[in-house]
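Participant: Let me begin by handing over the structure; questions about it come next.
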Amino acid sequence: MREKDLFDILENAENDSMERLIDKCPEISDEELDRILAMSEKKFRKQMAQAEGTERGSAIKMTKNDDVSGVEVAKRPAWLTPLATAASIVLIAGIAIGSTAMLNRNHKPGGGGGVVTPAVTVTTTSGTGTTPSSTGPKGSVTGTTTTTANASAVTSLVLGSGDTAEETAENALLKPFAGTWVYQASSGNYTVDQGANNIGTVEIRGDGTYTYTENSGNVTTDRVERTVDEIAGTQLVTLVFYDGTAIKFAATYNEGLDQLGIGNGGLERLVRAGSAEASAPSVTASWKTAYKQVLTDFMNTSEYSSESMWDVRDIDNDGVPELLISMGSDHNSGCRIYYYENGSAKIVGQIVIFELGRYGTFLLCNDENLVGFADDDEGEYFADYYSAFIGEFRDNSVQQRKIMSKFSYPEDPQLYYYDVDNNYVSEEEYNAAANNFNSKNWTEVGRQYTFGDFSPLS
Amino acid sequence: MTSRELAEMMQRSPADCHKALVREYGRYVYAIVFNRLRGCGTKEDIEECVSDVFADLFMKCQFDLSSENDIKSLIGTIAQRKSIDRFRSLCAKSKHITDTDDDDMTELASDFSVDEHVDRTELRRVLLDKIDELGEPDSTILIQKFYYNKNSSEIASYLSMTAVAVRQRCSRAMDKLRAKLVEVGIER
Chain A
22 MREKDLFDIL
32 ENAENDSMER
42 LIDKCPEISD
52 EELDRILAMS
62 EKKFRKQMAQ
72 AEGTERGSAI
82 KMTKNDDVSG
92 VEVAKRPAWL
102 TPLATAASIV
112 LIAGIAIGST
122 AMLNRNHKPG
132 GGGGVVTPAV
142 TVTTTSGTGT
152 TPSSTGPKGS
162 VTGTTTTTAN
172 ASAVTSLVLG
182 SGDTAEETAE
192 NALLKPFAGT
202 WVYQASSGNY
212 TVDQGANNIG
222 TVEIRGDGTY
232 TYTENSGNVT
242 TDRVERTVDE
252 IAGTQLVTLV
262 FYDGTAIKFA
272 ATYNEGLDQL
282 GIGNGGLERL
292 VRAGSAEASA
302 PSVTASWKTA
312 YKQVLTDFMN
322 TSEYSSESMW
332 DVRDIDNDGV
342 PELLISMGSD
352 HNSGCRIYYY
362 ENGSAKIVGQ
372 IVIFELGRYG
382 TFLLCNDENL
392 VGFADDDEGE
402 YFADYYSAFI
412 GEFRDNSVQQ
422 RKIMSKFSYP
432 EDPQLYYYDV
442 DNNYVSEEEY
452 NAAANNFNSK
462 NWTEVGRQYT
472 FGDFSPLS
Chain B
23 MTSRELAEMM
33 QRSPADCHKA
43 LVREYGRYVY
53 AIVFNRLRGC
63 GTKEDIEECV
73 SDVFADLFMK
83 CQFDLSSEND
93 IKSLIGTIAQ
103 RKSIDRFRSL
113 CAKSKHITDT
123 DDDDMTELAS
133 DFSVDEHVDR
143 TELRRVLLDK
153 IDELGEPDST
163 ILIQKFYYNK
173 NSSEIASYLS
183 MTAVAVRQRC
193 SRAMDKLRAK
203 LVEVGIER
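Order-wise, the sequence lines are chains A and B. Counting along the first sequence from 1, when you hit position 187 you're at 208 in the working numbering, and nothing is skipped either side. Counting along the second sequence from 1, when you hit position 115 you're at 137 in the working numbering, and nothing is skipped either side.
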């Protein structure tokens, strides 16, 4: 008989059977309960809103003498009021802005009246020609000067004569940042300070302009502005680099350092040309930096404990070792395995088991790329228990080769059961599998280094 | 939790009261809803129905709590009714509006040689008795594995055992259960 069909009988249970099934119901995780609570609250609020709507709707009372009292409540879409309010605000703001723009037309603030000189690109092309040097009374040429020059192009953004004192002051604040900066981007799955590539240079000028020259040859020249934000009482200086009306990138000043951080993730930055970070060659991504990042991240998780340890072993003999994190030293703790690929560390997935081993270690047989572990903890449910696992580490995953066990129950401790690859087998077949396991050249791995000792990765 | 305790909690903080109800009775409601929707609903359908039950319960707490002394009975009743509603709705969606008991009995008859006088309720009682006779942890392993559809790792975590041990005990326990059912005339 199929188990599924048999247990289907338990559906639609009456009270006493239901109570027995409730007793054996698995625990529901906090995450699931939170999800259910959120859904319930949402439905509850909706029902409450409907209930209140019904009360309003029943505000009209009619007596048996056909006297009608109360106020009829008209139902309109809930979004109508906020939409009408928003439309009114937009209309009023539009009129105000339009009026101001009209009044200020051809005027500079403060009554300066100067002409705005736009940012321009001046291209001067010279060639060879004849210029009259003097002209006689009848227009005859008395002498000529011949000039020859090469073509030249000058691109600049010039502040106009109408520049305000405020703009000039802003540019003065930019002066400390003037100079050449190196644009660095992280070279892998870690922050830029741990491994980076120089991908271009940025020239910041004191007149509020910059030129960003990428290694690919792209050049961007436009304006740069300095802004100051106050976050939680701390002033944050940011330089905003524009490309036309769009923001090309924004860099935040790290006080005391010749560095400007780009973005929140620490993946890009500007470092001043000539500083230690910039003059050093680009840091090359390596398994060491990637694994160090994994270990640092792990230390910030709730899974980390004083019992956690780590190790590096080249399990598949490919020249790049794998990182092993031992979750603890108790019976149920195993190791997580990470491998290095394309510049970053990746975890070995749950092919057979998520964590490999017992007591925070597992067995490694480097000669054959094999991993394994043995377990002899009978716990409270077995009179005697022993199991062993052999897997092959291939294509960055653990693939089961053989799993065997031998056990007896407390009700009859002398009666042993033998199992190989989840099939009951004879004692001889089990012994053959166990002898094969024991013949391997195993080394126990996983708990070589403590967290904080990252010297093998430096 | 009595209705008086609940009312006091509602007065202090409705949000905390809702949270406490879900924490205390979430598993209870889930088991009831699961029992009805196991054969026709997905995990999402079951969670949706459980949240319906609690939304109704919150409404009840908001407006009419005084008449109820046993909050567990109230929750059980709401859960039964809501799960039946959801069951009908799901059956209607899949165009399978039929009497499930009759359907199940037909299926049952095809799978088992059951004494014709043994009705479904009795069969359920016998099955649960035989499972209980296996003792712990085998009975919990079988119910969670084949009724609640949990995998060995999840059961292992619940029972503080290893997944390998759960698989072995499960296999052995199922053999024993089959033998016990054959003894009472329930066999293929």
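The C-beta atom is built at its ideal place from N, Cα and C for all residues, glycine as well.
1. Let me make sure I understand the geometry here. Which of A/P342, A/G378, A/V341 has the alpha-carbon closest to that of A/I357?
2. What three-state label does DSSP hand A/C481 in the structure shown?
3. By a C-beta neighbour count over all protein chains shown, 10 Å radius and 16 as the cutoff for buried, is A/G229 buried or exposed?
4. Kindly provide the ranges of any alpha helix (DSSP H) runs that are 4 or more residues long and lie completely inside the segment 24 to 97 of chain B, ordered along the chain.
5. Mind pulling the chain A residues with CB within less than 8 angstroms of B/D38?
6. Tell me which same chain residues have a C-beta within less than 7 angstroms of the C-beta of A/H17, skipping the five on either side of it?
7. Out of curiosity, what's the CA-to-CA distance linking A/N456 and A/L384?
8. Apart from the five residues just before and just after A/V466, which ones in its own chain have a Cβ nearer than 7 angstroms to its Cβ?
9. Using DSSP with H/G/I as helix, E/B as strand and the rest coil, what is A/Y312?
10. Just mark B/T99 as buried or exposed, buried being the case when its beta carbon has 16 or more other beta carbons within 10 Å.
11. Go through the segment 183 to 251 of chain A residue by residue and report every complete run of the alpha helix (DSSP H) that reaches 4 residues or more, in order.
12. Kindly give me the distance between the Cβ atoms of A/Y325 and A/E343, rounded to whole angstroms, as I take these residues to be in contact under 8 angstroms.
13. Can you list, in chain order, the residues of its chain whose CB lies under 7 angstroms from that of B/D78, leaving out five sequence neighbours each side?
14. If A/G17 sits next to A/L195, beta carbons under 8 angstroms apart, how far is it from one beta carbon to the other, in whole angstroms?
15. Answer with yes or no whether the minimum CB distance from A/Y233 to chain B is below 8 angstroms.
16. Measuring alpha carbon to alpha carbon, tell me which residue in A/S418, A/D243, A/V315, A/S109 is nearest A/F262.
17. Run through DSSP, which three-state label would A/S429 get?
18. For B/F109, which residues of its own chain have a beta-carbon under 8 angstroms away from its beta-carbon, when the five flanking residues on both sides are left out?
19. Which residues bound the beta strand (DSSP E) around A/G412?
20. Given a cut-off of 8 angstroms on the beta-carbon distance, is the pair B/T162 and A/K45 in contact?
21. Buried or exposed: where does B/H118 fall if 16 or more other Cβ atoms within 10 Å of its Cβ makes it buried?
22. Quick check: the segment 143 to 155 of chain B against the segment 188 to 203 of chain B, are at least 3 beta-carbon pairs closer than 8 angstroms?
23. Below 6 angstroms CB to CB, which residues in the same chain sit around A/A59 once its five sequence neighbours on both sides are set aside?
24. Spell out the partners DSSP gives A/F383 in its beta bridges.
25. Thinking C-alpha only, which one of A/L436, A/Y406, A/T317 is nearest A/M425?
26. Give me, in chain order, the residues of the same chain whose beta-carbon lies closer than 7 angstroms to that of B/I54; leave out the 5 immediate sequence neighbours on both sides.
27. Taking any Cβ of chain B, which residues in the segment 38 to 55 of chain A have a Cβ under 8 angstroms from it, in chain order?
28. Can you tell me the Cα-Cα spacing of B/D74 and B/T143, whole angstroms?
29. Please say whether A/V292 and A/V203 have beta carbons closer to each other than 8 angstroms?
30. Hey, how far is the Cα of A/T273 from the Cα of A/G340?
31. From B/G207 to A/I336, what does the alpha carbon distance come to, in whole angstroms?
32. Could you tell me the distance, in whole angstroms, from the CA atom of A/L104 to the CA atom of B/E46?
33. For A/L42, I'd like the list of residues in its chain whose CB is within less than 7 angstroms of its CB, leaving aside the five on either flank, ordered along the chain.
34. Can you give the Cα-Cα distance for A/E362 and A/N417, rounded to whole angstroms?
35. Using only the alpha-carbon positions, how far apart do A/V245 and A/T234 sit?
36. Looking at chain B, is there any beta carbon in it that lies within less than 8 angstroms of the beta carbon of A/G227?
Facilitator: Put simply:
1. The question names Ile, but residue 357 of chain A in the sequence shown is Arg. Of the candidates A/P342, A/G378, A/V341, the one whose C-alpha sits nearest the C-alpha of A/R357 is A/G378.
2. This structure leaves residue 481 of chain A out entirely; chain A is present only between 22 and 479.
3. buried
4. 25 to 34, 36 to 59, 65 to 85
5. Here the premise fails: no neighbours, minimum Cβ distance about 11 angstroms.
6. Nothing about residue 17 of chain A can be read from this structure; chain A reaches only from 22 to 479.
7. 16 angstroms
8. D332, R334, L345, T382, F383, L385
9. helix
10. exposed
11. 186 to 195
12. Going by Cβ atoms, the distance from A/Y325 to A/E343 rounds to 19 angstroms, so no, they are not a contact pair.
13. I100, K104
14. In the structure as shown, chain A starts at 22 and stops at 479, and residue 17 of chain A therefore has no counterpart that could be examined.
15. no
16. A/D243
17. strand
18. R58, L59, C62, G63, T122
19. 405 to 415
20. yes
21. Note that B/H118 has pLDDT 49, beneath the 50 cutoff, so the model's placement of it is unreliable and the number below is only indicative. Label assigned to B/H118: exposed.
22. yes
23. none
24. A/V466
25. A/Y406
26. G98, A101, Q102, S105
27. S38, M39, R41, L42, I43, K45, C46, P47, E48, I49, E53, L54
28. 28 angstroms
29. yes
30. 40 angstroms
31. 55 angstroms
32. 43 angstroms
33. L31, A34
34. 10 angstroms
35. 15 angstroms
36. no
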